[in-house]
Structures are given as C-alpha cells and as structure tokens.
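In my numbering, the protein residues as written are 192 to 404.
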C-alpha cells in the first residue's frame with residue numbers, strides 16, 4: 192500500500208477540521224497563522240488522499256479515512272507511464288515565436304526543450320513566453336534558450352513513479368506539467384531523455400475514471 196507521511200502542519204489541519212467541521216480554508220489559515228496560498232498544497236493533498244472532504248461554499252469535513260484509504264489503494268498500482276501523454280518538444284535554438292505557435296497548436300501550458308542529442312535541458316511555460324512578449328524583443332530573433340528554465344532547476348518524474356506521486360509533485364511545485372524522463376547513456380555520459388508528459392489534465396482524467404468506477 193502507498194504510505195504517505197504527513198507533515199506536522201497537515202496533522203494540525205486534520206485536528207482543526209475534526210474539531211471545527213465544517214470549516215473554511217480561510218478560517219484554517221487564520222488559526223494556523225499562515226496565508227491561504229501556503230495552505231493550498233496541504234489541503235489539496237489531504238483531500239486528494241481522502242482524509243478531508245471539501246464541499247463548495249461549505250468548507251472542509253473530516254472523512255474519517257486513514258492515509259491508506261480506498262482511493263490510495265486504487266491508484267497505488269497506476270504508473271506514470273500508464274497515463275502520460277506525448278511530450279511537446281522544441282530545440283533551444285528555435286525562436287520564441289515558433290514556440291508560442293507550438294504552444295497554441297498543441298494546446299499545452301509547457302514545452303520541453305532538448306539538446307541535439309535529445310537530452311532535456313530546459314522547459315518554457317506560458318509565463319515565460321508572456322514575459323518575453325511584454326519585453327518588446329523581436330520574437331523571431333530571440334531563441335527559446337534565452338527565456339527557458341534550465342536544468343537542474345526542473346522537476347521531473349520517471350515513468351515508473353506512481354500517478355499519486357506525480358500529482359503531489361505538481362501540487363508542491365505549482366507547475367502545469369512534468370516531463371517524464373528516463374536515464375540513458377550517450378557517449379559515456381548520462382542524460383535525461385524525455386519520453387512523455389504528465390499534466391494536471393492527465394491526473395484529472397484519471398481521477399474522473401476512478402470515480403466513475
């Protein structure tokens with residue numbers, strides 16, 4: 192079974208909800224003395240694994256389930272490779288304009304940047320493109336490599352990790368998607384080859400299917 196170790200703050204949230212249900216996120220944040228933005232990943236994880244139940248315009252309830260709940264048991268065997276999508280890839284020499292066109296044509300929020308050998312070297316998001324456009328530079332001349340987030344400041348996931356682990360990474364790092372990578376050797380050098388993409392949409396579709404079942 193999936194074992195999820197809760198943080199002290201998450202345990203405190205559970206206790207607060209048990210004693211005050213239903214309770215809004217605003218009230219929980221006020222009691223703990225943190226911002227709602229700080230609290231959001233914790234609440235997302237606790238509702239996702241089934242410990243808390245959220246009802247719109249009402250608040251949070253304690254479900255009475257442990258971390259080894261039924262939902263976690265359902266997803267424990269589902270791997271990233273089972274639900275990932277094809278990656279959208281560009282080279283770092285590609286102009287920003289080409290990247291923007293690719294972003295809209297593929298209907299994605301993030302594009303992965305690879306080297307000539309296929310190694311992951313960066314990612315570029317909607318925000319990166321927007322900042323570049325607002326900067327007034329010639330988008331046909333500026334290469335994507337100039338505006339991308341470079342490795343090692345990239346959160347990745349392997350195809351053998353679980354769907355639950357990917358959802359937690361997406362929430363904790365506040366990103367739209369993760370590159371699915373596998374380690375390969377090229378000329379005796381280890382590199383990360385992009386083989387897929389896992390996004391909020393992949394996770395949402397999985398959760399919908401599980402709920403239907």
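Beta carbons: idealized from backbone N, C-alpha and C, even for Gly.
Limits of the unbroken alpha helix (DSSP H) element including residue i
i           : result
residue 222 : 216-223
residue 355 : 354-364
residue 197 : Segment: none, residue 197 is in no alpha helix (DSSP H) and carries neither H nor E.
residue 287 : 287-297
Supposed contact pair residue j and residue i - C-beta distance, whole angstroms, cut 8 Å
i           : j           : result
residue 323 : residue 333 : 6 Å
residue 304 : residue 335 : 6 Å
residue 420 : residue 338 : Outside the modelled stretch of the chain, which goes from 192 to 404, sits residue 420, for which no answer is possible.
residue 316 : residue 393 : The pair is not a contact, with the Cβ atoms about 17 Å apart (cut-off 8 Å).
residue 283 : residue 327 : That belief does not hold up - the Cβ atoms of residue 283 and residue 327 are roughly 22 Å apart, past 8 Å.
residue 331 : residue 286 : 5 Å
residue 204 : residue 253 : Going by Cβ atoms, the distance from residue 204 to residue 253 rounds to 10 Å, so no, they are not a contact pair.
DSSP three-state assignment for residue i, whether helix, strand or coil
i           : result
residue 347 : coil
residue 379 : coil
residue 316 : strand
residue 229 : helix
residue 396 : helix
residue 273 : helix
residue 373 : strand
residue 322 : helix
residue 211 : helix
residue 205 : helix
residue 385 : strand
residue 308 : coil
Separation of residue j from residue i, as counted between CA atoms
i           : j           : result
residue 232 : residue 291 : 29 Å
residue 200 : residue 244 : 17 Å
residue 353 : residue 225 : 30 Å
residue 389 : residue 217 : 31 Å
residue 213 : residue 364 : 28 Å
residue 350 : residue 270 : 7 Å
residue 381 : residue 361 : 25 Å
residue 259 : residue 386 : Unreliable placement is indicated for residue 259, whose pLDDT of 49 sits below 50; the coordinate value is still reported in the next sentence. Roughly 31 Å separates the two Cα atoms.
residue 237 : residue 209 : 13 Å
residue 187 : residue 242 : It is not possible to answer for residue 187, since the shown part of the chain is limited to 192 through 404.
residue 193 : residue 325 : Low confidence applies here, because residue 193 scores a pLDDT of 41, under 50, leaving its location unreliable and the question unanswered by this model.
residue 274 : residue 198 : 28 Å
residue 369 : residue 234 : 21 Å
residue 281 : residue 302 : 7 Å
residue 400 : residue 298 : 22 Å
residue 358 : residue 229 : 17 Å
residue 248 : residue 219 : 15 Å
residue 227 : residue 367 : 20 Å
residue 309 : residue 272 : 19 Å
residue 295 : residue 355 : 28 Å
residue 329 : residue 340 : 20 Å
residue 396 : residue 268 : 16 Å
Residue i, enclosing beta strand (DSSP E) - first and last residue
i           : result
residue 282 : 280-282
residue 302 : 301-305
residue 151 : Outside the shown range of the chain, which is 192 to 404, sits residue 151, and nothing can be said about it.
residue 244 : 243-246
Subject >> Sufficient close CB pairs (3 or more, under 8 Å) joining the segment 373-383 to the segment 279-294 >> reply: no
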